[in-house]
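Engineer:
2 protein chains.
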Amino acid sequence: MPGHRQSLAHLEHLGDATKFAPQIHALIPKCSLLENFSAAEVRLLAHFMDVYRAQPAIELIREGDGGDFMLMVLEGRIDVLKRDRHNTPQLLAAVEAGRTLGEMSMIDGEARFATCVATEPALIAVLDRENLARIIVEQPLLGAKILMELVLMLSQRLRVTSQKLLGLLDEQAKKAVSAL
Amino acid sequence: MPGHRQSLAHLEHLGDATKFAPQIHALIPKCSLLENFSAAEVRLLAHFMDVYRAQPAIELIREGDGGDFMLMVLEGRIDVLKRDRHNTPQLLAAVEAGRTLGEMSMIDGEARFATCVATEPALIAVLDRENLARIIVEQPLLGAKILMELVLMLSQRLRVTSQKLLGLLDEQAKKAVSAL
Numbered sequence: 021m022p023g024h025r026q027s028l029a030h031l032e033h034l035g036d037a038t039k040f041a042p043q044i045h046a047l048i049p050k051c052s053l054l055e056n057f058s059a060a061e062v063r064l065l066a067h068f069m070d071v072y073r074a075q076p077a078i079e080l081i082r083e084g085d086g087g088d089f090m091l092m093v094l095e096g097r098i099d100v101l102k103r104d105r106h107n108t109p110q111l112l113a114a115v116e117a118g119r120t121l122g123e124m125s126m127i128d129g130e131a132r133f134a135t136c137v138a139t140e141p142a143l144i145a146v147l148d149r150e151n152l153a154r155i156i157v158e159q160p161l162l163g164a165k166i167l168m169e170l171v172l173m174l175s176q177r178l179r180v181t182s183q184k185l186l187g188l189l190d191e192q193a194k195k196a197v198s199a200l
Numbered sequence: 021m022p023g024h025r026q027s028l029a030h031l032e033h034l035g036d037a038t039k040f041a042p043q044i045h046a047l048i049p050k051c052s053l054l055e056n057f058s059a060a061e062v063r064l065l066a067h068f069m070d071v072y073r074a075q076p077a078i079e080l081i082r083e084g085d086g087g088d089f090m091l092m093v094l095e096g097r098i099d100v101l102k103r104d105r106h107n108t109p110q111l112l113a114a115v116e117a118g119r120t121l122g123e124m125s126m127i128d129g130e131a132r133f134a135t136c137v138a139t140e141p142a143l144i145a146v147l148d149r150e151n152l153a154r155i156i157v158e159q160p161l162l163g164a165k166i167l168m169e170l171v172l173m174l175s176q177r178l179r180v181t182s183q184k185l186l187g188l189l190d191e192q193a194k195k196a197v198s199a200l
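For the protein sequence lines, the chains are P and D, in the order given. Here my numbering is used: the first residue of the first sequence is 21, the next is one more, and so on. Here my numbering is used: the first residue of the second sequence is 21, the next is one more, and so on.
Okay, here's the thing in structure tokens:
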């Protein structure tokens with residue numbers, strides 16, 4: 021049983037994503053990962069993904085857990101939460117259809133950065149590391165395309181996050197100087 | 021003439037990296053990008069890279085410029101600087117042999133995030149987007165390996181940067197509360 025099946029055993033498994041390919045294809049305008057995908061590539065990718073249905077208040081990913089899969093929201097709404105220093109979950113984002121989550125742990129296998137909870141009945145398509153590795157070997161051009169889009173997404177997030185961090189540090193330095 | 025040749029025309033071009041493959045291979049323990057590379061894969065990759073020599077005080081990458089290449093430091097020392105709100109360059113890092121720089125712009129073509137200046141005579145190996153695309157088509161498994169390592173590196177940097185940003189925001193919230 022692939023790694024993700026165990027950690028998602030509390031969800032309703034709807035089989036592989038092949039029959040959801042048209043729905044996934046319709047998400048392209050909202051989904052950075054798929055922005056350069058053709059219908060044929062979406063069908064190919066869908067073959068390597070699994071679809072699950074989640075009820076509201078169900079955790080899909082838990083901060084701190086190990087994890088080997090990413091998910092794409094096909095329907096519904098998902099809150100992304102991270103615990104602060106008082107261990108209180110703080111809302112980082114609320115995401116909808118087209119958004120992907122959990123890419124970092126799929127790739128590096130490290131602990132989940134945040135918790136993801138369905139807040140409406142949700143449909144998610146899951147890609148795990150084992151299937152990504154199969155894509156790379158069996159469909160190398162599709163594999164390269166997925167990896168290229170992941171690099172792009174992470175690179176853009178890193179630019180935004182680094183800019184925010186430097187902005188805050190700059191602000192702190194300014195306050196420290198004006199307090200002298 | 022490939023894009024990087026023009027922007028690096030002020031450096032001494034030493035040809036493709038094939039004859040530097042043993043030196044690149046020796047960097048594996050210090051180079052995240054290459055950590056899972058075999059000697060054969062390094063030789064293959066070297067074939068797609070160009071080597072340049074830079075004298076001290078020479079700019080290799082300039083913040084804000086467009087850019088389509090990344091570089092790997094083979095020898096020497098390079099300062100990474102970013103302008104603060106007063107337009108004064110601030111040192112972000114000083115890096116040595118084994119470090120790669122400029123990956124984000126190679127992938128997304130957006131403006132360079134920081135400036136890189138050689139502070140000692142330096143030897144750099146350059147990979148540009150055009151050659152990365154050639155690797156993906158001509159050597160898809162090597163292409164997937166490079167992209168996978170880039171995703172890993174960006175993912176780890178994003179984790180560290182996000183953690184720092186959340187830590188600072190948390191601190192600010194704490195100060196705001198204690199000032200009430």
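We put the CB at the ideal spot given by N, CA and C, even for glycine.
Are there three or more Cβ pairs, one per stretch, closer than 8 Å when the stretch 58 to 77 of chain P is compared with the stretch 135 to 153 of chain P?
Structural biologist: Yes: at least three Cβ pairs fall under 8 Å.
Engineer: How is the beta strand (DSSP E) around R63 of chain P delimited, first residue to last?
Structural biologist: Locating residue 63 of chain P in the first sequence gives position 43, where the first residue counts as 1. Here R63 of chain P belongs to no beta strand (DSSP E); instead the alpha helix (DSSP H) covers A59 to A66.
Engineer: On the three-state DSSP scale, how would you describe P141 of chain P?
Structural biologist: In the first sequence, the residue the question calls residue 141 of chain P occupies position 121. Correct three-state label for P141 of chain P: coil.
Engineer: Using beta carbons (cut-off 7 Å, strictly below), is V197 of chain D in contact with chain P?
Structural biologist: Taking the second sequence and counting its residues from 1, one reaches residue 197 of chain D at position 177. Answer no: the Cβ-Cβ gap between V197 of chain D and chain P never drops below 7 Å.
Engineer: From the DSSP output, in three-state form, read off G35 of chain P for me.
Structural biologist: Here residue 35 of chain P refers to the residue found at position 15 of the first sequence. The three-state reading of DSSP puts G35 of chain P in strand, counting E and B together.
Engineer: Given a limit of 7 Å on CB to CB distance, which residues of the stretch 154 to 169 of chain P reach chain D?
Structural biologist: I156, P160, L161, G163, A164, L167 and M168
Engineer: My assumption, with CB atoms under 8 Å, is that G129 of chain D sits in contact with G86 of chain D. Please give the rounded CB distance.
Structural biologist: Here residue 129 of chain D refers to the residue found at position 109 of the second sequence. Here residue 86 of chain D refers to the residue found at position 66 of the second sequence. Confirmed, Cβ separation roughly 7 Å.
Engineer: Does the stretch 95 to 113 of chain D touch the stretch 159 to 176 of chain D, meaning 3 or more C-beta pairs lie closer than 8 Å?
Structural biologist: The stretch 159 to 176 of chain D, when compared against the stretch 95 to 113 of chain D, does not touch it at the 8 Å Cβ threshold.
Engineer: Is there at least one Cβ from chain P nearer than 7 Å to V180 of chain D's Cβ?
Structural biologist: Position 160 of the second sequence, counting from 1, holds the residue named residue 180 of chain D. Chain P contact via Cβ: absent.
Engineer: Report the neighbours of M90 of chain D on chain P: residues whose CB is nearer than 7 Å to its CB, in chain order.
Structural biologist: The residue you call residue 90 of chain D lines up with position 70 of the second sequence. Neighbourhood of M90 of chain D in chain P, by CB distance below 7 Å: empty, with the nearest CB roughly 11 Å away.
Engineer: If you draw a straight line from the C-alpha of L34 of chain P to the C-alpha of R119 of chain P, how long is it?
Structural biologist: Translated into positions along the first sequence, residue 34 of chain P becomes position 14. Translated into positions along the first sequence, residue 119 of chain P becomes position 99. If you take the alpha carbons of L34 of chain P and R119 of chain P, they lie about 20 Å apart.
Engineer: Hey, is the stretch 169 to 184 of chain P in contact with the stretch 34 to 44 of chain D, meaning 3+ C-beta pairs nearer than 8 Å?
Structural biologist: no
Engineer: Whose C-beta lies closer than 6 Å to the C-beta of S125 of chain P among residues of the same chain, with five residues either side of it excluded?
Structural biologist: Reading the first sequence from its first residue, position 105 is the one you call residue 125 of chain P. Excluding positions up to five away in sequence, the list reads G87 and R132.
Engineer: I want to verify the contact list: residues of chain D whose CB lies under 9 Å from the CB of R25 of chain P, in sequence order.
Structural biologist: Within the first sequence, numbered from 1, the residue matching residue 25 of chain P stands at position 5. The premise fails here: R25 of chain P is roughly 23 Å from chain D at the closest Cβ pair, so nothing lies under 9 Å.
Engineer: So H45 of chain D and A59 of chain D are supposed to be a Cβ contact under 8 Å. How far apart are they, rounded?
Structural biologist: Locating residue 45 of chain D in the second sequence gives position 25, where the first residue counts as 1. Locating residue 59 of chain D in the second sequence gives position 39, where the first residue counts as 1. Right, their Cβ atoms sit about 5 Å apart.
Engineer: State yes or no: is the C-beta of I98 of chain D within less than 7 Å of the C-beta of V115 of chain D?
Structural biologist: Taking the first residue of the second sequence as position 1, residue 98 of chain D is located at position 78. Taking the first residue of the second sequence as position 1, residue 115 of chain D is located at position 95. With contacts defined by Cβ atoms closer than 7 Å, I98 of chain D and V115 of chain D form a contacting pair.
Engineer: Spatial neighbours of A68 of chain D within its chain, please: C-beta separation below 7 Å, excluding the five flanking residues on both sides.
Structural biologist: The count along the second sequence starts at 1 and reaches residue 68 of chain D at position 48. As written in the sequence, residue 68 of chain D is Phe, which differs from the Ala given in the question. Once the five neighbours on either side are set aside, the close Cβ partners of F68 of chain D are L147, N151, R154 and I155.
Engineer: So that I know if they touch, is there some Cβ in chain D lying closer than 7 Å to that of M124 of chain P?
Structural biologist: As a first step, residue 124 of chain P is located in the first sequence; it is residue number 104 there, counting from the start. Answer yes: the Cβ-Cβ gap between M124 of chain P and chain D drops below 7 Å somewhere.
Engineer: Going along chain P in order, which residues have a C-beta closer than 7 Å to the C-beta of R105 of chain D?
Structural biologist: Indexing the second sequence from 1 puts residue 105 of chain D at position 85. The contacting residues are D190.
Engineer: Less than 7 Å between CB atoms is the rule here; does V171 of chain D satisfy it with respect to chain P?
Structural biologist: As a first step, residue 171 of chain D must be located in the second sequence, where it is residue number 151. Cβ-Cβ to chain P under 7 Å: yes for V171 of chain D.
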